[in-house]
Amino acid sequence: MNHIDQLVARYIATWNETDPVARRTEIERIWAEDGSYTDPIAVAEGLEAIDATIAAVQGQFPGFVFALAGPVDAHHDIARFTWELGPAGGESLVVGFDVAVLTEDGRISRVHGFLDKVPAQV
């Protein structure tokens, strides 16, 4: 597994980490301080906002887990990947596609998220 595959796996793991201290610690390790996350529903600028966005998604979908839904495709400082969100072992209710831009030192600078499948109440 190369560095970008590992970084994306750690990124997905932060979305599943429910311990606030552990989640924030990992966010600080893999994200640039001025990182930003944007999808059709949320815009998060900076580590505190990224952490709050993840916590809000966990609150909206309690007990659900994120998982990669295929290989990571990457070149230069850009990676794209599809993910799924649903109950552990169950059908995914949300499917998305993220594009991550990395810093020179290999951390996440920006994530641009797209939602391909969402439940009606989102």
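Just so we're aligned: the sequence shown equals residues 1 to 122 in full-length UniProt numbering.
Every residue, glycine too, gets a C-beta built ideally from N, C-alpha and C.
Excluding the five sequence neighbours on either side, which residues of its own chain have a C-beta within less than 6 Å of the C-beta of residue 17, listed in chain order? Here residue 17 refers to the residue found at position 17 of the sequence shown. Cβ neighbours of residue 17 beyond the five flanking positions: 23.
Buried or exposed for residue 111, going by 16 or more other Cβ atoms inside 10 Å? Mapped onto the sequence shown, residue 111 falls at position 111. By the 10 Å Cβ count, residue 111 comes out buried.
Do the region 70-82 and the region 53-61 make contact, defined as three or more Cβ pairs closer than 8 Å? no
As a quick exercise: from 119, 13, 115 and 109, pick the residue whose alpha carbon is nearest that of residue 82. Residue numbering aside, residue 82 sits at position 82 when the sequence shown is read from its first letter. Minimum Cα distance to residue 82 is reached at 115.
Do residue 38 and residue 113 count as a contact pair if the criterion is CB distance below 8 Å? The residue you call residue 113 lines up with position 113 of the sequence shown. The residue you call residue 38 lines up with position 38 of the sequence shown. Yes, Cβ-Cβ distance for residue 113 and residue 38 is below 8 Å.
Please say whether residue 27 and residue 107 have beta carbons closer to each other than 8 Å? As a working mapping, residue 107 is identified with position 107 in the sequence shown. As a working mapping, residue 27 is identified with position 27 in the sequence shown. No; because the gap between Cβ atoms is not below 8 Å, this pair is not in contact.
Strand pairing of residue 83, partner residues [DSSP]: In the sequence shown, residue 83 corresponds to position 83, counting from 1. BP columns for residue 83 point to 68 and 96.
Does residue 14 pass the burial test, meaning 16 or more other C-beta atoms within 10 Å, or should it be called exposed? Your numbering for residue 14 matches position 14 in the sequence shown. Residue 14 should be labelled buried.
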